[in-house]
C-alpha cells in the first residue's frame with residue numbers, strides 16, 4: 014500500500030514538474046510580429062531612446078556628455094533579491110549587442126528573452142516595454158546601431174537561490190508580463206492622454222519605480238503610480254497620482270515644466286535617480302511632455318503606496 018502511495022506521489026510530482034517546465038518556456042514574438050518590425054528609422058528611434066531612459070542604467074556610472082552614449086553597462090542595483098548588473102548594450106559584437114538582429118532585440122525588449130533563448134531578469138523593464146509599438150522597437154534598434162561599440166563585459170548578476178534560476182522567471186512572466194494598457198480610458202479620450210499613456214506605461218516605464226510591488230516583485234496595478242519603497246536603499250519613490258501624498262496640487266503645466274527643467278512648483282529640484290530621468294525627459298518634445306502631464310492628471314488617484322513620512326527626492 015505504501016509503495017503504491019509513494020508511486021502516486023512520484024507520478025504527481027513528475028506531472029507537476031512537466032507542467033511547470035511547459036509553463037516556464039520562453040515565449041518569443043510571433044512570425045507576424047517579426048515581419049511587422051520593418052527596417053526602422055534612426056531619427057525616430059532617438060526619441061524612443063531617451064523616452065526609454067537607456068543611458069540611465071546602461072551608460073558607464075557617472076558618465077557625462079557624449080560618454081553617456083557609451084552603453085558599456087556596469088551599474089549595480091542592489092535589491093532584496095540580490096544584485097543586478099546592467100549589461101553592456103553597446104554595439105560591441107562580443108561584449109555588447111552588436112551581433113543581435115532586430116528580431117533578437119525585439120524579443121529581449123518585449124518578451125524578456127535573450128538570443129540564446131534564456132529568460133532575462135525583470136530588473137530590465139520588459140514588463141513595460143511589452144506595451145511598445147513594434148515600429149518603435151525597430152526605430153530604437155536602428156538608432157542603437159548608430160552608437161559606439163565599447164568593449165567590456167559587465168559582471169554577472171549576484172542572486173541567491175531560487176532567484177538565480179532563470180527558468181523560474183517564465184512562471185513569473187505568466188503572472189506579470191502583460192502587454193495591455195494599465196489605465197483604462199474611453200475610446201474617445203483626449204489624444205494627448207492616450208499619447209501620454211503610451212509614453213508612461215510603455216517606453217517611459219514609470220510604473221517600474223513608482224508603483225508598489227507584491228512579495229514576488231510584481232507591480233500592484235491596483236495602486237498604479239502610487240509611489241513605492243525604493244528598490245535599493247531605505248528611501249521611497251514618490252506618489253505621482255493626484256491622491257493623498259501625491260501631486261494633485263500640480264497643474265499639467267507644472268508637471269511638464271518639471272520634466273523639462275527639473276524644478277517643482279515649490280522651486281525644489283529633481284534629485285537622486287530622478288535627476289537622471291529628468292535629463293532624458295528634457296530631450297523629448299514639448300508635446301511629449303505635455304502628453305505625459307495630461308495622462309498623470311487623468312489617471313485614478315491613490316494614497317501613498319509606501320509607509321514613510323516623506324519621500325526622498
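In our numbering, the protein residues as written are 14 to 326. Backbone N, C-alpha and C fix where the C-beta goes; we use that ideal spot for every residue, glycine too. Since we're looking at a predicted model, the values are computed, not measured.
Among the residues of its own chain, which have a CB less than 7 Å from the CB of residue i, if the five just before and after it don't count?
i: residue 278; result: 263 and 267
i: residue 322; result: Confidence in residue 322 is poor, its pLDDT being 45 and thus under 50, which makes the residue's placement too unreliable to answer from.
i: residue 235; result: none
i: residue 325; result: Annotation note: pLDDT 46 at residue 325 (below 50); position unreliable, coordinate value reported separately. Same-chain partners within the cutoff: 248, 249 and 285.
i: residue 66; result: 290 and 293
To which residues does DSSP link residue i through a beta bridge?
i: residue 226; result: 232
i: residue 276; result: 282
i: residue 171; result: 96
i: residue 249; result: 242
In angstroms with no decimal places, state the Cα-to-Cα distance between residue i and residue j.
i: residue 158; j: residue 128; result: 17 Å
i: residue 174; j: residue 182; result: 13 Å
i: residue 72; j: residue 273; result: 21 Å
i: residue 115; j: residue 60; result: 18 Å
i: residue 106; j: residue 112; result: 5 Å
i: residue 46; j: residue 119; result: 9 Å
i: residue 243; j: residue 54; result: 35 Å
i: residue 165; j: residue 258; result: 43 Å
i: residue 56; j: residue 223; result: 29 Å
i: residue 287; j: residue 271; result: 11 Å
i: residue 151; j: residue 43; result: 15 Å
i: residue 132; j: residue 99; result: 15 Å
i: residue 180; j: residue 93; result: 19 Å
i: residue 310; j: residue 207; result: 12 Å
i: residue 317; j: residue 52; result: 43 Å
i: residue 209; j: residue 146; result: 14 Å
i: residue 103; j: residue 253; result: 32 Å
i: residue 177; j: residue 170; result: 8 Å
i: residue 138; j: residue 218; result: 7 Å
i: residue 202; j: residue 108; result: 45 Å
i: residue 393; j: residue 238; result: Here the chain has residues from 14 to 326 only, and residue 393 is not among them.
i: residue 320; j: residue 228; result: 16 Å
i: residue 80; j: residue 135; result: 26 Å
i: residue 167; j: residue 75; result: 16 Å
Identify the continuous alpha helix (DSSP H) that holds residue i and give its terminal residues.
i: residue 97; result: That residue, residue 97, is in no alpha helix (DSSP H); its beta strand (DSSP E) goes 95-98.
i: residue 59; result: 55-64
i: residue 69; result: 67-71
i: residue 44; result: 44-50
i: residue 319; result: Neither: residue 319 is in no alpha helix (DSSP H) and is coded neither H nor E.
i: residue 327; result: Beyond the ends of the chain as shown, which are 14 and 326, falls residue 327; an answer cannot be given.
Within the continuous beta strand (DSSP E) that includes residue i, where are the two ends?
i: residue 207; result: From DSSP, residue 207 is part of no beta strand (DSSP E) but of the alpha helix (DSSP H) over 204-214.
i: residue 309; result: Premise fails: residue 309 lies in the alpha helix (DSSP H), 299-311, not in any beta strand (DSSP E).
i: residue 90; result: 89-92
Return the chain-ordered list of same chain residues with a C-beta closer than 6 Å to the C-beta of residue i, the five sequence neighbours on each side being excluded.
i: residue 91; result: 245
i: residue 275; result: 282, 283 and 291
i: residue 70; result: 88 and 99
In chain order, what residues of the same chain have a beta carbon less than 8 Å from the beta carbon of residue i, not counting five sequence neighbours either side?
i: residue 191; result: 140 and 143
i: residue 214; result: 141, 144, 194, 195, 196 and 220
i: residue 82; result: 68, 72, 160 and 161
Q: Could you tell me which uninterrupted beta strand (DSSP E) segments, each at least 3 residues in length, are contained entirely in the region 105-147, listed from first to last along the chain?
A: Taking only runs of at least 3 residues, no beta strand (DSSP E) segment lies wholly in the region 105-147.
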